[in-house]
Amino acid sequence: MRSLHTTVPLALAILALASCAPQGPESAAPAAEPEHAAAWRAVHDAVAVLAPTEGSTVRGVVRFHENDDGTVTVRGTFDGLNPGQQHAIHVHEFGDCTDLQGRSAGGHFNPEGKPHGLPPAAERHAGDLGNLQADDAGHAEFELTVDNISVAGLRNPILGRAVIVHMKPDDGGQPTGNAGGRAACGAIGIAKAG
17 MRSLHTTVPL ALAILALASC APQGPESAAP AAEPEHAAAW RAVHDAVAVL
67 APTEGSTVRG VVRFHENDDG TVTVRGTFDG LNPGQQHAIH VHEFGDCTDL
117 QGRSAGGHFN PEGKPHGLPP AAERHAGDLG NLQADDAGHA EFELTVDNIS
167 VAGLRNPILG RAVIVHMKPD DGGQPTGNAG GRAACGAIGI AKAG
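Quick note on numbering: the sequence shown equals residues 17 to 210 in this note's numbering.
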């Protein structure tokens, strides 16, 4: 019983002292950024390997490089497209291509809540990359430099999202460009340096 009489007042004294300690933002310097966060934002190269959705033959590789001026250059090579036709290409919300039709990738990546549009319009979804033009063999090469995304930086980072090639061209219409079904899907991951 004697230890209880000593323990309770001691515990109360400790709590009282702890409550007197300064609290709030004025008492501590801002926390330093964790090393892994800084390393993550230092990633400047990403890649997506696109596989066909069910019933499609479209395949491709898309590379993203964040330039020193903050723009991102997007380059891609594709095969299995409809010969001589255009196909929309977008970055979608999620890097999930598990659904056979690519629907698990979600909608267009649009963190700023902008209307749909085609490059070079400033008012467009961050994921709106325009159209691919297939040649007579169904092959296309694509290059575009944009200023509304980052690879892993603070503005609209695309790492961990997905690239979708659609069955039809993007006509710029609302809300998503009337591009039809999804022909290929690939998650965007960190590219090997060098």
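Ideal placement from N, C-alpha and C gives every residue a C-beta, glycine not left out.
In the structure shown, what three-state DSSP assignment does residue i receive?
i	result
Ser-166	strand
Val-181	strand
Ala-207	coil
Ala-199	strand
Arg-91	strand
Ala-153	coil
Ala-121	helix
Leu-160	strand
Pro-99	coil
Pro-173	strand
Gly-40	With a pLDDT of only 49 at Gly-40, under the threshold of 50, the placement of this residue in the model should not be trusted, and no figure is reported.
Pro-191	coil
How far does the beta strand (DSSP E) with residue i in it reach, from first residue to last?
i	result
Gln-68	The sequence as given places Pro at residue 68; Gln does not occur at that position. Segment 61 to 68, the beta strand (DSSP E) holding Pro-68.
Asp-144	144 to 149
Phe-80	75 to 82
His-106	102 to 108
Just confirm the distance between the C-beta atoms of residue i and residue j, as a whole number of angstroms; I'd bet it's less than 8 angstroms.
i	j	result
Ala-203	Pro-68	The pair is not a contact, with the Cβ atoms about 15 angstroms apart (cut-off 8 angstroms).
His-106	Glu-82	Not quite, the Cβ-Cβ distance comes to about 19 angstroms (not below 8 angstroms), so this is no contact.
Gly-96	Val-74	4 angstroms
Gly-197	Gln-117	7 angstroms
Are residue i and residue j closer than 8 angstroms when you measure CB to CB?
i	j	result
Gly-122	His-103	no
Arg-177	Gly-111	yes
Phe-243	Ala-142	With the chain covering only 17 through 210, there is no way to say anything about residue 243.
Val-179	Ala-64	yes
Ile-174	Phe-94	no
Leu-145	Leu-160	yes
Asp-222	Pro-185	Nothing about residue 222 can be read from this structure; the chain reaches only from 17 to 210.
Val-162	Val-90	yes
Mind checking if residue i is an interface residue toward chain B, Cβ cutoff 8 angstroms exclusive?
i	result
Phe-158	In summary, chain B is missing from the structure at hand, where a single protein chain is found.
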